[in-house]
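Protein chains in written order, with the working numbering: chain A, 23 to 571; chain B, 2 to 589.
Just so it is clear, CB atoms sit at the ideal spot from N, CA and C, and this is done for glycine as well.
I have placed the structure first, in the form of structure tokens, so that the comments after it can refer back to it.
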Amino acid sequence: MSEEIIRALVNVFPQVIPVMVLGVFACVLFLGSTFRADRHIWAGVALVGLAGAAVALVWMVPTVPLKRDPNYASPIAMDRLALLIHWMALVGGSVLVLFSWNEVPDRQAGEYHGCLLLVVAGLCLTSAANELVTLFLSLELISIPTYILMYLPRHDAAAQEAAMKYFLLSIFSSALLLFGFSYLYGLGGTTNLPALLEALTRNDTSLPVVALVSLILVVAGFGFKITAVPFHFYAPDVYQGAPTGAVALLAFLPKVAGFVALFRVLGLVFTESPGNGMGLGDHVSILFWILAAVTMSLGNVLALLQTNVKRLLAYSSVAHAGYMLIGLAVAEPLHKSQILSPQSELLNPRFAGVDAVLFYLVAYGAMTIGAFAVLAYLSTAERPIENEDDLSGLSQSHPGVALLMALFLFSLIGIPLTAGFAGKLVLFLDAMAVEGDNAHLFRGLALVGVINAAIGAWYYLRILTKMYLHSSIKPIEKPRALPGLLALWICAAVTLGLGVFPGLMLRSPELPLGAKPATSQMKTSGRPDPPKTAPPWRAAVSATTSVIA
Amino acid sequence: MDLLRNPVPCLLAIPAAAAVVVALLGPRRAPAVRGVSLAATLAALALAAVLAASFAGTRTSGPAPATATFHPDFTTRCPILKVGAGTEETIQFYVGLDGLNVWLVVLTAVLMVSGVLVSWTAIQDRVHEYYAWLLALETGMLGVFLAFDIILFYVFFELTLVPLFFLIGIWGGPQRRYAARKFFIYTLAGSLITFLGVLGVVLACYAKTGELTFAIPKLTDIVHSRLAMDSPEERAFWIGTPSFGKIIRSALGLLSLEEAAGMWGGVEFWVFLALTAGFAIKVPLVPLHTWLPLAHVEAPTAGSVLLAGVLLKIGTYGFLRLCLPLAPDASLSLGMPLIGTLAVIGIVYGALCALAQDDIKKLVAYSSVSHLGFCMLGMFALNVVGLSGSLLQMINHGLSTGALFLLVGMLYERYHTRLLADYGGMAARLKVLSFFMVFFCLSSIGIPGLNGFVGEVLVLMGIFDFERAHGTWPVLAVIGATGIVLGAWYLLTMLMGVFFGPLKEPPPPVGHDNHHAVTDLNLREWAALVPIAALCIALGLYPQPVLDTARPELEMVAGFAHDAQDRADLPSPEGNLQILNPKGEGTP
Numbered sequence: 023m024s025e026e027i028i029r030a031l032v033n034v035f036p037q038v039i040p041v042m043v044l045g046v047f048a049c050v051l052f053l054g055s056t057f058r059a060d061r062h063i064w065a066g067v068a069l070v071g072l073a074g075a076a077v078a079l080v081w082m083v084p085t086v087p088l089k090r091d092p093n094y095a096s097p098i099a100m101d102r103l104a105l106l107i108h109w110m111a112l113v114g115g116s117v118l119v120l121f122s123w124n125e126v127p128d129r130q131a132g133e134y135h136g137c138l139l140l141v142v143a144g145l146c147l148t149s150a151a152n153e154l155v156t157l158f159l160s161l162e163l164i165s166i167p168t169y170i171l172m173y174l175p176r177h178d179a180a181a182q183e184a185a186m187k188y189f190l191l192s193i194f195s196s197a198l199l200l201f202g203f204s205y206l207y208g209l210g211g212t213t214n215l216p217a218l219l220e221a222l223t224r225n226d227t228s229l230p231v232v233a234l235v236s237l238i239l240v241v242a243g244f245g246f247k248i249t250a251v252p253f254h255f256y257a258p259d260v261y262q263g264a265p266t267g268a269v270a271l272l273a274f275l276p277k278v279a280g281f282v283a284l285f286r287v288l289g290l291v292f293t294e295s296p297g298n299g300m301g302l303g304d305h306v307s308i309l310f311w312i313l314a315a316v317t318m319s320l321g322n323v324l325a326l327l328q329t330n331v332k333r334l335l336a337y338s339s340v341a342h343a344g345y346m347l348i349g350l351a352v353a354e355p356l357h358k359s360q361i362l363s364p365q366s367e368l369l370n371p372r373f374a375g376v377d378a379v380l381f382y383l384v385a386y387g388a389m390t391i392g393a394f395a396v397l398a399y400l401s402t403a404e405r406p407i408e409n410e411d412d413l414s415g416l417s418q419s420h421p422g423v424a425l426l427m428a429l430f431l432f433s434l435i436g437i438p439l440t441a442g443f444a445g446k447l448v449l450f451l452d453a454m455a456v457e458g459d460n461a462h463l464f465r466g467l468a469l470v471g472v473i474n475a476a477i478g479a480w481y482y483l484r485i486l487t488k489m490y491l492h493s494s495i496k497p498i499e500k501p502r503a504l505p506g507l508l509a510l511w512i513c514a515a516v517t518l519g520l521g522v523f524p525g526l527m528l529r530s531p532e533l534p535l536g537a538k539p540a541t542s543q544m545k546t547s548g549r550p551d552p553p554k555t556a557p558p559w560r561a562a563v564s565a566t567t568s569v570i571a
Numbered sequence: 002m003d004l005l006r007n008p009v010p011c012l013l014a015i016p017a018a019a020a021v022v023v024a025l026l027g028p029r030r031a032p033a034v035r036g037v038s039l040a041a042t043l044a045a046l047a048l049a050a051v052l053a054a055s056f057a058g059t060r061t062s063g064p065a066p067a068t069a070t071f072h073p074d075f076t077t078r079c080p081i082l083k084v085g086a087g088t089e090e091t092i093q094f095y096v097g098l099d100g101l102n103v104w105l106v107v108l109t110a111v112l113m114v115s116g117v118l119v120s121w122t123a124i125q126d127r128v129h130e131y132y133a134w135l136l137a138l139e140t141g142m143l144g145v146f147l148a149f150d151i152i153l154f155y156v157f158f159e160l161t162l163v164p165l166f167f168l169i170g171i172w173g174g175p176q177r178r179y180a181a182r183k184f185f186i187y188t189l190a191g192s193l194i195t196f197l198g199v200l201g202v203v204l205a206c207y208a209k210t211g212e213l214t215f216a217i218p219k220l221t222d223i224v225h226s227r228l229a230m231d232s233p234e235e236r237a238f239w240i241g242t243p244s245f246g247k248i249i250r251s252a253l254g255l256l257s258l259e260e261a262a263g264m265w266g267g268v269e270f271w272v273f274l275a276l277t278a279g280f281a282i283k284v285p286l287v288p289l290h291t292w293l294p295l296a297h298v299e300a301p302t303a304g305s306v307l308l309a310g311v312l313l314k315i316g317t318y319g320f321l322r323l324c325l326p327l328a329p330d331a332s333l334s335l336g337m338p339l340i341g342t343l344a345v346i347g348i349v350y351g352a353l354c355a356l357a358q359d360d361i362k363k364l365v366a367y368s369s370v371s372h373l374g375f376c377m378l379g380m381f382a383l384n385v386v387g388l389s390g391s392l393l394q395m396i397n398h399g400l401s402t403g404a405l406f407l408l409v410g411m412l413y414e415r416y417h418t419r420l421l422a423d424y425g426g427m428a429a430r431l432k433v434l435s436f437f438m439v440f441f442c443l444s445s446i447g448i449p450g451l452n453g454f455v456g457e458v459l460v461l462m463g464i465f466d467f468e469r470a471h472g473t474w475p476v477l478a479v480i481g482a483t484g485i486v487l488g489a490w491y492l493l494t495m496l497m498g499v500f501f502g503p504l505k506e507p508p509p510p511v512g513h514d515n516h517h518a519v520t521d522l523n524l525r526e527w528a529a530l531v532p533i534a535a536l537c538i539a540l541g542l543y544p545q546p547v548l549d550t551a552r553p554e555l556e557m558v559a560g561f562a563h564d565a566q567d568r569a570d571l572p573s574p575e576g577n578l579q580i581l582n583p584k585g586e587g588t589p
């Protein structure tokens, strides 16, 4: 073993300290809950654990390099993308703890929050995984506690069925994923991601068909996590049957993990082999094109037919996964239309499409968790919120909560001043910006996207109509739960904050601008086209411009 | 200090702040809620009037220079979202006044005051929410008119939907929920496609010049300077028409890549279609109008007034502000064949539908379809006369139809029915209301001396000009003119039935023996109607200030169309199609 590799391996340890903190606190929760059953204590401990991980993360930030060379040795590599996902996981985790504070019975609180911390830890690890096996293991670290979470708080038949269904399908998708990984290993001869991608893209000849097969298997495996369409079947039943807190978790954390893992495996965010992915040419984008179009259309159309709010939100989450897949579909063609330009380096265009997906993930997380948090906040054991009718007259009985729910629903529709609008803006901007022979394909995808957004508006409006335009059939008695309310407010703040000031996340970096074409000269000379530069918003839209590199 | 010199953002801030205050006042302080709302709308009106007066002052002080783009006055710009590396490459909060929007802003402010007044006693339920949404709606509407950033325009465009959804859905008639949802979905579906068009324009300009801008004046400028180069590449990029035969064949794999080049046509074609999708629904043009009668009829009175008076104008204004300047060639080639035909169908169809209604409010609603068709027809004549007429028709229709909805609402408040058959000879019972009704019907029909006349004459002149210039028979103009006759027919029939003839009061409500205390207009209702009536007379007698203020912009838009015509004629210079005078001449 060379000196360098040993150093790389040793350097891994500081990078996983946040994950270790989470693990330790999870152990404390598991052990402690055998002595004492009190939901307030254990939820508090879980929050402390998340805060501890956050502190560790802050402490670690200076060691995360802005620009990273490909790391051929270590299984874990922190970069700015991983950092962003860490923060999303920790904040999301805290909201989920607050959210299910009162939903979980005392006896199970310890296990519940312990599992939650493990899922968060799994997501953190996924985002930093630099190697196929680590990636797979961290994805399993997300899945296995999820099974328990779904089963824990409720013991009725519906919850059991949901947990079982999720379990079986999850195992199935893991198997597909592993199968795909094994082909990748066979092709590249290594499990290290940068090395693998380099091996796959090294020669100019196109890859063998096996690569395409492995790609499809991998996408199928991750498709389960992100509820892309042929793999979405579990979502409605599971969302309906499982406890609300677990559903909110399921709707957000595994989806983030799925997308990040896709970025990593497809090589969309690597520093040195930027964006050209596995060298599969158009196949990747066409595959995602189809996946995106089918996912959002089917999700929206099926959501129209639902009356159960949780089922409806399940299909809505499928539909939103479809919107996000637009970002993946355009990543490669966008990159290709930029790579032609010699100046592209200056404008940091590597993460075309990816940053839009990341922004949308945050927006989606805030509005979806928010909507579930409203349901959880209003539900009581005697009067669970199941159907749309249960929300009737909410604006009269709980004006404040109704207003927040309206905000989340408007955000899901994509009305301006909400994060949902800003997310759609960047996604559609990316889709429209593709140039080249296939440009019309992606403009068509944007059209499919907006038509879907209009279809989606119908069922969100149905809930709004119930809340505001109907009077209550059976008034909801007012439960008081401070943590639930706090979770709601956090989600609302993110939804509104990112909607009004999307620049908070889509921050423009101060980049040198030597590449700008001289417009005046061009006008007089009548030269047809200025040299192609990378679209400047690419640089800006990078949530992550500073985040990923 | 800056705000004192440039109070346009205040125009938006006043209703927005008042909406928040009103919402916080809560349900138990209804008088305070009404007071605050009235004060806020009056303040906004005063500010709008002062701004309009000073703006008109700058316009009349000297001859406006010929320009190649919009030059808004009283502008405020501040960056919202930086999307590019350059300092200009941001989505901005960019508002200002120019000749196209200044009078529409005043119209909005006037109708808002009337809307608040007419809701005074009609709305007793959830009063604070009602006024909060009403004021939020005012913010949205003013924002659309004032915005000079294309994304900001779209943001306000969509934000008008939300308050109106609640206004119709909560305080509307029996079918209010269905009406509210239909209205929302219909408009949203269209506006989302418009959104793609907006992005398309921005990206096309970016692809051509490397400048990423969202400012409407800048975009207009870029489109025009690129088109003015008139090189084959630019033509193919902007103007080319798509060949659907090629597209189908290439989809089937029958065409090679070289043969398929250019099959998707130019940017303008698609941008025009995308922008039209949203605006045509808002106007509404005929096959897309089905949301309108329902929404108008179900909405509370103030909602109908604003819907007819202002929100429909957002559609026509969108055409004027974005479609014509940003896609001039497509506006020329698709405008008359597509929009013009639909507009003419709308004029006749709307009028015939109005004739067939048994509900007064529905009648007025369908009359909107007819009148707006007129407005669109004038606009796509694409000459100064037609455009002036169109702009004037926007304001006229807002005033007269808004007032008609006010009156129908007042009548409904007294008798709780809107069926034509229930009324007869009301002039004997409600003298002042009848007077106003006759007055506004005449204004709507276009009696000389009132506002409707000027607009209609200008529109017809514009259309005649256009058809003469193209050497065609004045078919559209003639059919359009029939619309006026039909308009007189249905409105006068309604007047005769309801207000004249033997007195016939609607049956009293169940459980009451007779209508007690049905009185004529009170002071509050006078106050809601008199300003509108005064404006109708003023515009009828002396429309010149409005036309003068808008003239530079209208000339500019007409000039774009003229250039487009020149480009369209260029490939066949030997063609003997003579452009007589597409710019038109003179205004009365």
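Proximal residues of chain A, C-beta to C-beta of residue i below 7 angstroms
i, result
"B:A252", "The premise fails here: B:A252 is roughly 10 angstroms from chain A at the closest Cβ pair, so nothing lies under 7 angstroms."
"B:E159", "I437, P438"
"B:L193", "V472, A475, A476"
"B:R78", "In chain order: nothing, as chain A lies at least about 16 angstroms away."
"B:L204", "M454, A455"
"B:L286", "The premise fails here: B:L286 is roughly 18 angstroms from chain A at the closest Cβ pair, so nothing lies under 7 angstroms."
Beta-carbon spacing of residue i, residue j below 9 angstroms
i, j, result
"B:L388", "B:M380", "yes"
"A:Y490", "A:S417", "yes"
"A:A78", "A:I39", "yes"
"A:Y205", "A:A257", "no"
"B:A20", "B:A110", "no"
"A:L18", "A:G471", "The structure shown does not extend to residue 18 of chain A, since chain A is modelled only from 23 through 571, so no value can be given for it."
Opening and closing residue of the beta strand (DSSP E) in which residue i lies
i, result
"B:T91", "91-98"
Where the alpha helix (DSSP H) through residue i begins and ends
i, result
"B:P329", "329-335"
"B:D549", "545-570"
Listed by chain order, chain A residues near residue i by CB distance under 9 angstroms
i, result
"B:I171", "S417, Y490, L491"
"B:F94", "Neighbours of B:F94 on chain A: none; closest Cβ ~11 angstroms, over 9 angstroms."
"B:A482", "The contacting residues do not exist; B:A482 stays about 38 angstroms from chain A at best."
Contact set between residue i and chain A, taken where Cβ atoms lie within less than 8 angstroms
i, result
"B:I186", "A476, A479, W480, L483"
"B:F465", "None at all; the shortest Cβ gap to chain A is about 39 angstroms."
Within chain B, the residues that residue i reaches when beta carbons sit closer than 7 angstroms
i, result
"A:H462", "W265"
"A:R469", "A small fix is needed here, since residue 469 of chain A is Leu in this sequence, not Arg. Within chain B, the residues near A:L469 are L197."
Where residue i meets chain B, residues with beta-carbon distance less than 8 angstroms
i, result
"A:F450", "F196, L197, L200"
"A:F432", "V163"
- Residues in the segment 218-237 of chain B having any Cβ partner in chain A nearer than 8 angstroms: S226, M230, S232, E234, E235
- Item | Against chain A: residues of the segment 294-314 of chain B by CB proximity under 8 angstroms | none
- Query: Fully enclosed by the segment 227-292 of chain A, which alpha helix (DSSP H) runs are 4 residues long or longer?
  - Reply: 231-247, 256-263, 266-288
- In chain order, which alpha helix (DSSP H) runs of at least 4 residues are fully inside the segment 381-412 of chain B? none
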